[in-house]
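K.L.:
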Amino acid sequence: SFTPRVSVDGLVIGNPSWVKSPQMAEAKNLTFKIRILPYLFGGRAYLPMLSIDHPDLLVVRQADGRTNWDFDNSGDTGEGMKIPPIQHFVVRDGHLEIHDLKRRLTFVGTINSQENTGRGPGFSLTGDGLLNKRKFTASVRGGPLINVDVSAPYPFYANIHAGGTHVVARGSIKHPFDLGAIEATLTLAGPNLNQLYDLTGLALPGTPPYRVTGHLIRDEAVYTFQNIDGTVGSSDLRGDLKVDASGKIPFLSGHVSSKVLDFADLGPVIGAPTPAKDRADAIARGAKPSDLAPMKHLLPDTPLQVDRLRQMNADVTYSADAVRSRDFPLRHAATHVVLKNGVLTLDPLSFTFAQGKLAGRAQIDASRPVPVTSIDARLTGVRLEQFVSSKPPAVEGLLAARAKLSGAGNSIQKAATTARGTFTTVIPSGKIRAAFAELAGINVLNGLGLLLSDDKSDTGVRCAVADFGVDKGVMTARHLVFDTDPVLVTGKGTMALDGENMNLELQGHPKKFRLLRVRAPITLTGPVDDPRIGVAASKAIPQGGLALALSFLSPLAAIIPFVDPGLAKDANCAALMATGKQHGVR
């Protein structure tokens, strides 16, 4: 007969020697019919019938990728499993157990398929377990497996919960029993995109809670996620992505964009906690409250999962048509992300302000045991007045800056504590509120009078340069000069990125005689976000009213020093500008 019938009772298939359990598969009975003739003429084998009673299947994958089902040691090619077409497929009371150390998944489930007329609920796989120590449940249902038309798509529905992550797929297998060709509508939701790593093997960035939907197409080892539409935090997201899993590690490519990017949503990308506005949603989706605690530092100290960068390559572009920010007048954002051999590069990385632009290159080299982060960013064409809410603005002028830094560590804060490089800012010209300039020139009575009378007149800023050398996480002022029409301010000192503390002295040199003056430098010490303002007491001559004067200063006025009397020549702005240009400021 060209369609023989085979029946096996007590079927047992053994495991490789490295698996603790001796059996990979057992079945009380396996019966099938096979049409041999098509196979003999170069076609695929065809099974008119396959029936399995009480099968027990154990699937094992080691952390190094070894599997107990790869009998020919061909490895995982990423292609879908291909089973010979089956017209009549019945599974009774099946049991599936998965131990996947690579995905950190344990799962126990049951498998069944209905017989009868082919109009029943069909195939079902349900079960639960743990994924990366988080609760995992899966329910997969398919159409009837009786009288299957092998030329027609086979419908399926999958519903998966992994911790707070929820995955729903509804679609079809192009040809039944050929898992290499699938199309489905896929919806993903959860507290953080990086938690998809254990499900997908993709090293996605940290994010606020998200929900996205798109059209998934599988063509053997290539997965295309088209027409992505959804939200990440308060930002919308759309685009197309493709994953090629045919290589040793997956390769992610594509373009995604936002009509409006909420700037606060970028915090988790660099290790900052989920924004306060999204924390309740994140907890509702399964996030741990401890992961959402406010930062203790200005620079995020949460360890970045840089080891994952060695498990994927990528080439993805992102752009935002508009940026919503409470603190900065941003308009647009864009970047090109390339991940290759454990080195993540964002080049360019740009943010456009209402006036001016921040653009540069950032890189995390995770190919070594301790990752190295480097950044080279330039601020150009930025007008200071766009950051000032007062009308007219208390300060005006053009600002240029450049930061060229690198440091080693598995968080932004740790990399900063080892940073080396330069940080330079230049204001080539501008204006400042006359009251602040008078205070800086130690004309305290006149300066306070102007402040209290709400005088809005201004005076010129001839030039300003703040040039810091950075070594082992300590910023040391090499040039610190602020030159206005009435006073020249110079400074010295350090800022430590480790403890985020400053220790600066600012000395003023008035260009006119001042009636009330302080001969000691003003000091700025303590935390960067809340410095203490004082006078170097050992150098000071007692002056009545100094404490009162300081108490009236706004934060901007407070950093303009009360200084020694005397006349000072204008700073050599050309030379100061040249200092800035040596460090790439334009």
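For the numbering used here, count along the sequence shown from 1 and bump the result up by 1. We put the CB at the ideal spot given by N, CA and C, even for glycine.
Is it the case that the segment 417-424 contacts the segment 340-354, given that we only count it when at least three CB pairs across the two stretches are under 8 Å?
P.N.:
No, because fewer than three Cβ pairs between the segment 340-354 and the segment 417-424 fall closer than 8 Å, the two stretches do not touch.
K.L.:
Any idea what DSSP makes of LYS21, helix, strand or coil?
P.N.:
Residue 21 sits at position 20 when you count from the first residue of the sequence shown. Reduced to three states, the DSSP call for LYS21 is coil.
K.L.:
Can you find the residues in the same chain that come closer than 6 Å, C-beta to C-beta, to ARG533, ignoring five residues on each side of it along the sequence?
P.N.:
Working through the sequence shown from its first residue, we reach residue 533 at position 532. Only THR526, GLY527 meet the Cβ criterion.
K.L.:
To the nearest angstrom, report how far apart PHE3 and LEU146 are at their CA atoms.
P.N.:
Residue 3 sits at position 2 when you count from the first residue of the sequence shown. Residue 146 sits at position 145 when you count from the first residue of the sequence shown. If you take the alpha carbons of PHE3 and LEU146, they lie about 23 Å apart.
K.L.:
Label HIS55 either buried or exposed according to how many other C-beta atoms from any shown protein chain fall within 10 Å of its C-beta, with 16 as the threshold for buried.
P.N.:
Along the sequence shown, read from residue 1 onward, the residue named residue 55 stands at position 54. Exposed, since its Cβ has fewer than 16 Cβ neighbours within 10 Å.
K.L.:
Which of helix, strand or coil does DSSP assign to LEU547?
P.N.:
Residue numbering aside, residue 547 sits at position 546 when the sequence shown is read from its first letter. Reliability fails at LEU547, whose pLDDT of 32 lies under 50, so the model's placement of it is uncertain and the value that follows must be treated cautiously. Helix.
K.L.:
Does DSSP put ARG62 in a helix, a strand or coil?
P.N.:
The count along the sequence shown starts at 1 and reaches residue 62 at position 61. Note: ARG62 maps to strand in three-state DSSP.
K.L.:
Mind checking which residues open and close the beta strand (DSSP E) that includes ILE183?
P.N.:
Taking the first residue of the sequence shown as 1, we reach residue 183 at position 182. Note, ILE183: beta strand (DSSP E), 179-191.
K.L.:
For VAL92, tell me which candidate among ILE84, ARG104, SER114, VAL109 has the shortest Cα-Cα distance.
P.N.:
The residue you call residue 92 lines up with position 91 of the sequence shown. Cα-wise, what sits closest to VAL92 is SER114.
K.L.:
Compare the beta carbon distance of GLY357 and GLY398 with 8 Å and say whether it is the shorter of the two.
P.N.:
Taking the sequence shown and counting its residues from 1, the one referred to as residue 357 is at position 356. Taking the sequence shown and counting its residues from 1, the one referred to as residue 398 is at position 397. Not a contact, by the Cβ cut-off of 8 Å.
K.L.:
Which residue's Cα is closest to the Cα of ASP486: ARG463, MET503, LYS493?
P.N.:
Counted from its first residue, the sequence shown places residue 486 at position 485. The residue with the shortest Cα to Cα distance from ASP486 is ARG463.
K.L.:
Going by DSSP in three states, ALA416 sits in which element: helix, strand or coil?
P.N.:
Start at 1 with the first residue of the sequence shown, and residue 416 comes out as number 415. Of the three classes helix, strand and coil, the one that applies to ALA416 here is helix, per DSSP.
K.L.:
According to DSSP, which residues form a beta bridge with HIS510?
P.N.:
Locating residue 510 in the sequence shown gives position 509, counting from the first residue. HIS510 is bridged to LEU489.
K.L.:
One question on the structure: do ALA409 and PRO372 come within less than 8 Å of each other, judged by their Cβ atoms?
P.N.:
Sequence index remark: in the sequence shown, residue 409 carries index 408 (1-based). Sequence index remark: in the sequence shown, residue 372 carries index 371 (1-based). It is a contact, given that the beta carbons lie within the stated cut-off.
K.L.:
Measuring alpha carbon to alpha carbon, tell me which residue in LEU385, THR107, ARG325, LEU253 is nearest THR225.
P.N.:
Along the sequence shown, one-based indexing puts residue 225 at 224. THR225 has its Cα closest to that of LEU253, out of LEU385, THR107, ARG325, LEU253.
K.L.:
Please identify the residue among THR208, ILE218, ALA139 whose C-alpha is closest to the C-alpha of LEU200.
P.N.:
Your numbering for residue 200 matches position 199 in the sequence shown. The residue with the shortest Cα to Cα distance from LEU200 is ALA139.
K.L.:
For the alpha helix (DSSP H) that contains GLY201, what are its first and last residues?
P.N.:
Reading the sequence shown from its first residue, position 200 is the one you call residue 201. Per the sequence shown, the amino acid found at residue 201 is Thr instead of Gly. Residues 198-201.
K.L.:
Helix, strand or coil: which one does DSSP assign to VAL344?
P.N.:
Taking the sequence shown and counting its residues from 1, one reaches residue 344 at position 343. It is a strand residue.
K.L.:
Exposed or buried, what is PRO269 when buried is set at 16 or more other beta-carbons lying within 10 Å of its beta-carbon?
P.N.:
Residue 269 sits at position 268 when you count from the first residue of the sequence shown. Counting Cβ neighbours within 10 Å, PRO269 comes out buried, since at least 16 surround it.
K.L.:
Please classify ASN607: does DSSP put it in a helix, a strand, or coil?
P.N.:
Coverage of the chain is limited to positions 2 through 587, which leaves residue 607 absent and any answer about it impossible.
K.L.:
Applying the criterion that 16 or more other CB atoms from any shown protein chain within 10 Å of the CB defines a buried residue, is THR111 buried or exposed?
P.N.:
Position 110 of the sequence shown, counting from 1, holds the residue named residue 111. Counting Cβ neighbours within 10 Å, THR111 comes out exposed, since fewer than 16 surround it.
K.L.:
Let me check understanding here. Comparing Cα to Cα, which of SER407, ASN411, VAL466, GLY95 lies closest to PRO429?
P.N.:
Within the sequence shown, residue 429 is the residue found at index 428, counting from 1. Answer by Cα proximity: VAL466.
K.L.:
Which term fits ARG414, buried or exposed, when burial requires 16 or more other beta carbons within 10 angstroms of its beta carbon?
P.N.:
As a first step, residue 414 is located in the sequence shown; it is residue number 413 there, counting from the start. Rather than Arg, the amino acid found at residue 414 in this sequence is Gln. Result: buried.
K.L.:
Would you please state the rounded distance, in angstroms, between the beta carbons of GLY494 and ASN504? I believe it to be under 8 Å.
P.N.:
Counted from its first residue, the sequence shown places residue 494 at position 493. Counted from its first residue, the sequence shown places residue 504 at position 503. Right, their Cβ atoms sit about 5 Å apart.
K.L.:
Under three-state DSSP, which class holds ILE147?
P.N.:
By one-based count along the sequence shown, residue 147 stands at place 146. Three-state result, ILE147: coil.
K.L.:
State buried or exposed for VAL109, treating a residue as buried only when at least 16 other CB atoms are found within 10 Å of its CB.
P.N.:
For this step, residue 109 is matched to residue 108 along the sequence shown. With fewer than 16 Cβ atoms within 10 Å of its Cβ, VAL109 is classed as exposed.
K.L.:
Hey, which unbroken runs of the beta strand (DSSP E) at 3 residues or more fall wholly within the segment 355-387?
P.N.:
List check, beta strand (DSSP E) in window: 358-366, 373-384.
K.L.:
Please classify GLY11 as buried or exposed, where buried requires at least 16 other C-beta atoms within 10 Å of its C-beta.
P.N.:
Position 10 of the sequence shown, counting from 1, holds the residue named residue 11. Exposed, since its Cβ has fewer than 16 Cβ neighbours within 10 Å.
K.L.:
Check the DSSP bridge columns for GLY130 and list the partner residues they point to.
P.N.:
As a first step, residue 130 must be located in the sequence shown, where it is residue number 129. PHE108, PHE137.
K.L.:
Hey, MET50 and LEU203: beta-carbon distance below 8 Å or not?
P.N.:
Walking along the sequence shown from the start, residue 50 turns up at place 49. Walking along the sequence shown from the start, residue 203 turns up at place 202. No, these two residues do not count as a Cβ contact at 8 Å.
K.L.:
How long is the line joining the alpha carbons of GLY500 and SER412, rounded to whole angstroms?
P.N.:
Counted from its first residue, the sequence shown places residue 500 at position 499. Counted from its first residue, the sequence shown places residue 412 at position 411. The alpha-carbon atoms of GLY500 and SER412 are separated by roughly 15 Å.
K.L.:
Between ASN195 and the rest of its own chain, which residues show a CB-CB distance below 6 Å, the 5 nearest in sequence each way excluded?
P.N.:
Here residue 195 refers to the residue found at position 194 of the sequence shown. The answer, listed in chain order, is LEU205, GLY207.
K.L.:
For ASP266, does the three-state DSSP call read helix, strand or coil?
P.N.:
Walking along the sequence shown from the start, residue 266 turns up at place 265. Helix, per DSSP.
K.L.:
Apart from the five residues just before and just after SER454, which ones in its own chain have a Cβ nearer than 8 Å to its Cβ?
P.N.:
Residue 454 sits at position 453 when you count from the first residue of the sequence shown. Reliability fails at SER454, whose pLDDT of 43 lies under 50, so the model's placement of it is uncertain and no value is given.
K.L.:
Assign VAL529 to one of three DSSP states: helix, strand, or coil.
P.N.:
Residue numbering aside, residue 529 sits at position 528 when the sequence shown is read from its first letter. If DSSP states are grouped into helix, strand and coil, VAL529 belongs with coil.
K.L.:
Could you give the first and the last residue of the continuous beta strand (DSSP E) run that contains PHE469?
P.N.:
By 1-based counting over the sequence shown, the position of residue 469 is 468. Run containing PHE469: 459-472, per the beta strand (DSSP E) assignment.
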